[in-house]
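Visitor: Following my numbering, the numbering of the sequence shown begins with 69 at its first residue and continues without gaps.
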Amino acid sequence: MQARSDMIRREGKTIAFVPTMGFLHEGHLSLIKKARQLGDAVVVSIFVNPAQFAPGEDFDSYPRALERDCDLAEKEGTDVIFAPNKEDLYSAVFQTYVSLGELPNHLCGISRPIFFRGVATVVTKLFNIVKPHFAIFGEKDYQQLLVVRQMVQDLNFDINIVGSPIVREPDGLAMSSRNTYLSTEQRTSALSLCKSLKKAQTLLESGTTDAATLINEASDFITSHPETVIDYVAICDPETLEDIKTIDKSALMAIAVKVGVTRLIDNMILKVAGM
Ligand code: PAF
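1) Does the distance between the C-beta of residue 334 and the nearest non-hydrogen atom of the ligand PAF fall short of 7 Å?
2) Spatial neighbours of residue 333 within its chain, please: CB distance less than 6 Å, with the 5 preceding and 5 following residues excluded, ordered by chain position.
3) So, helix, strand or coil for residue 326, using DSSP?
4) Thinking C-alpha only, which one of 202, 318, 145, 286 is nearest residue 11?
5) Would you tell me roughly how many angstroms separate the C-alpha atoms of residue 98 and residue 108, rounded to the nearest one?
6) Which residue's Cα is closest to the Cα of residue 279: 84, 266, 315?
7) Please determine whether the Cβ atom of residue 87 lies at a distance below 7 Å from any heavy atom of the ligand PAF.
8) Would you mind giving the Cβ-Cβ distance between residue 168 and residue 188, rounded to the nearest angstrom? I have them listed as a contact below 8 Å.
9) List the endpoints of the continuous beta strand (DSSP E) containing residue 85.
10) Are the segment 287-294 and the segment 147-164 in contact at 8 Å, needing three or more beta carbon pairs?
11) If you follow the alpha helix (DSSP H) that residue 279 is part of, which residue opens it and which one closes it?
12) Are residue 171 and residue 218 closer than 8 Å when you measure CB to CB?
13) Within the same chain, show all residues whose beta-carbon is closer than 7 Å to that of residue 295, passing over the 5 residues directly before and after it, in chain order.
14) Is residue 162 buried or exposed, if buried means 16 or more other CB atoms sit within 10 Å of its CB?
15) What are the partner residues of residue 39, as DSSP defines its beta bridges?
16) Could you pull the start and end residues of the alpha helix (DSSP H) that residue 210 belongs to?
17) I need the DSSP call for residue 75, collapsed to helix, strand or coil.
18) Between the beta-carbon of residue 210 and the beta-carbon of residue 322, is there less than 8 Å?
19) Can you give the beta carbon distance from residue 230 to residue 184, rounded, assuming they're within the 8 Å contact cut?
20) In this structure, how does DSSP classify residue 129 when only helix, strand and coil are distinguished?
21) Check for me: the alpha helix (DSSP H) holding residue 139 runs from which residue to which?
22) Suppose only complete runs of 3+ residues qualify. What are the beta strand (DSSP E) ranges in the segment 148-202, listed by chain order?
23) Under three-state DSSP, which class holds residue 234?
24) If the criterion is Cβ atoms closer than 8 Å, does the pair residue 157 and residue 92 meet it?
25) State the start and end residues of the unbroken alpha helix (DSSP H) segment that holds residue 258.
26) What separation, rounded to the nearest whole angstrom, lies between the Cα atoms of residue 234 and residue 96?
27) If we call anything under 8 Å between Cβ atoms a contact, is residue 90 one with residue 116?
28) Among residues of its own chain, excluding the 5 on either side of residue 276, which ones have a beta-carbon nearer than 7 Å to its beta-carbon?
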């Protein structure tokens, strides 16, 4: 992959990179489309990264469909698919990790304490292997996008990080490879995440600026659906992820809920009228 990237760069072409864990859906395809617009050559990686799963999480059962993914990625105009094995990226003596100070102390980092170390480490490795000019990340993993941006700034990676909006099913459910785990009933419960975000925006527009009130409304709505266990419902600063008490400017509302055994996340930037 490094030799291939060197070759592309020697031809004076730019590389746009979409890192994924595979089981591609419309959300990933929208990232590939964006990559197509940004770079001359598009590289997609497919790698279920063991370093970002804690024991007991779904590393073994994470959905995999390499051939189908390759077809989909190629149809979308991908030039190179990089799909390493676990052993290719993590040798038996692997011992170097990238971890951030502040950003992982919020939202998903609280219940998944090794997650962002795993993400930052593998993304660093992938950047060094793929040598992209641009890397595209989905905004559904909002905190991940912030972590990558911070890491790129802190470690002086010469890479442009580009965020891309959440892609939703027609009924509003945010696309996720993990949606495939949901039964029909659980899928209905899963809709409570995006519905509660929309509801919060509506309440804010009608004058409810108290974050705790919006969080309680959303939490009550979500837990009124079967098989839901809330990990967090938070309203926070979109850059630092520090909690916000009163919403007087744009705020991030972020939600993580277990529906059955499936952990789902969603988020929305709440907008105050006139700002
Ligand atoms: O968002 C993902 O799919 C993963 O966290 C990533 C960025 C590919 C790193 O493994």
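Glycine residues also receive a C-beta, built at the ideal position from the N, C-alpha and C atoms.
Guide: Taking the structure as given:
1) Locating residue 334 in the sequence shown gives position 266, where the first residue counts as 1. Not so, every heavy atom of the ligand PAF lies at least 7 Å from the Cβ.
2) For the purposes of this step, residue 333 is identified with residue 265 of the sequence shown, where counting begins at 1. Shown here for residue 333: same chain residues with a beta carbon closer than 6 Å to its own, the five before and five after excluded, namely 324 in chain order.
3) On the sequence shown, residue 326 is found 258 positions in, with the first residue counted as 1. When DSSP states are grouped into helix, strand and coil, residue 326 belongs to the strand group.
4) Past the edges of the chain, shown from 69 to 343, lies residue 11, and the structure says nothing about it.
5) In the sequence shown, residue 98 corresponds to position 30, counting from 1. In the sequence shown, residue 108 corresponds to position 40, counting from 1. One alpha carbon belongs to residue 98, the other to residue 108, and they sit about 17 Å apart.
6) Mapped onto the sequence shown, residue 279 falls at position 211. Considering only alpha carbons, the answer is 315.
7) Position 19 of the sequence shown, counting from 1, holds the residue named residue 87. Checking the Cβ of residue 87 against the ligand PAF gives yes.
8) For the purposes of this step, residue 168 is taken as the residue at position 100 of the sequence shown. For the purposes of this step, residue 188 is taken as the residue at position 120 of the sequence shown. Cβ-Cβ separation between residue 168 and residue 188: approximately 6 Å, consistent with a contact (criterion under 8 Å).
9) Locating residue 85 in the sequence shown gives position 17, counting from the first residue. Residues 83-88.
10) Cβ pair count under 8 Å is below three, so no.
11) Translated into positions along the sequence shown, residue 279 becomes position 211. The continuous alpha helix (DSSP H) containing residue 279 extends over residues 279-291.
12) For the purposes of this step, residue 171 is identified with residue 103 of the sequence shown, where counting begins at 1. For the purposes of this step, residue 218 is identified with residue 150 of the sequence shown, where counting begins at 1. The answer is yes: Cβ separation under 8 Å.
13) By 1-based counting over the sequence shown, the position of residue 295 is 227. So the list reads 254, 257, 327, 328, once near-sequence residues are dropped.
14) Counted from its first residue, the sequence shown places residue 162 at position 94. Flag for residue 162 reads exposed.
15) In this structure the chain extends from 69 to 343, so residue 39 is not present and cannot be described.
16) Counted from its first residue, the sequence shown places residue 210 at position 142. In the DSSP assignment, residue 210 falls within the unbroken alpha helix (DSSP H) covering 210-222.
17) Locating residue 75 in the sequence shown gives position 7, where the first residue counts as 1. Here DSSP, grouped into helix, strand and coil, assigns residue 75 to helix.
18) Within the sequence shown, numbered from 1, the residue matching residue 210 stands at position 142. Within the sequence shown, numbered from 1, the residue matching residue 322 stands at position 254. Yes, the pair counts as a contact, with Cβ atoms nearer than the cut-off.
19) Here residue 230 refers to the residue found at position 162 when the sequence shown is read from its first residue. Here residue 184 refers to the residue found at position 116 when the sequence shown is read from its first residue. Not confirmed; about 19 Å, so no contact.
20) In the sequence shown, the residue the question calls residue 129 occupies position 61. Coil.
21) Along the sequence shown, one-based indexing puts residue 139 at 71. Judged by DSSP secondary structure, residue 139 falls within the alpha helix (DSSP H) whose first and last residues are 134-143.
22) Counting whole runs of 3 or more residues, the segment 148-202 contains the beta strand (DSSP E) stretches 148-150.
23) Against the sequence shown, residue 234 aligns to sequence position 166. Correct three-state label for residue 234: coil.
24) Within the sequence shown, numbered from 1, the residue matching residue 157 stands at position 89. Within the sequence shown, numbered from 1, the residue matching residue 92 stands at position 24. The Cβ atoms of residue 157 and residue 92 do not sit closer than 8 Å to each other.
25) Position 190 of the sequence shown holds residue 258. Where residue 258 is concerned, the enclosing alpha helix (DSSP H) stretches over 252-273.
26) The count along the sequence shown starts at 1 and reaches residue 234 at position 166. The count along the sequence shown starts at 1 and reaches residue 96 at position 28. Distance between the alpha carbons of residue 234 and residue 96 is about 10 Å.
27) Taking the first residue of the sequence shown as position 1, residue 90 is located at position 22. Taking the first residue of the sequence shown as position 1, residue 116 is located at position 48. In contact: residue 90 and residue 116 (Cβ atoms closer than 8 Å).
28) Taking the first residue of the sequence shown as position 1, residue 276 is located at position 208. So the qualifying residues of the chain are 282.
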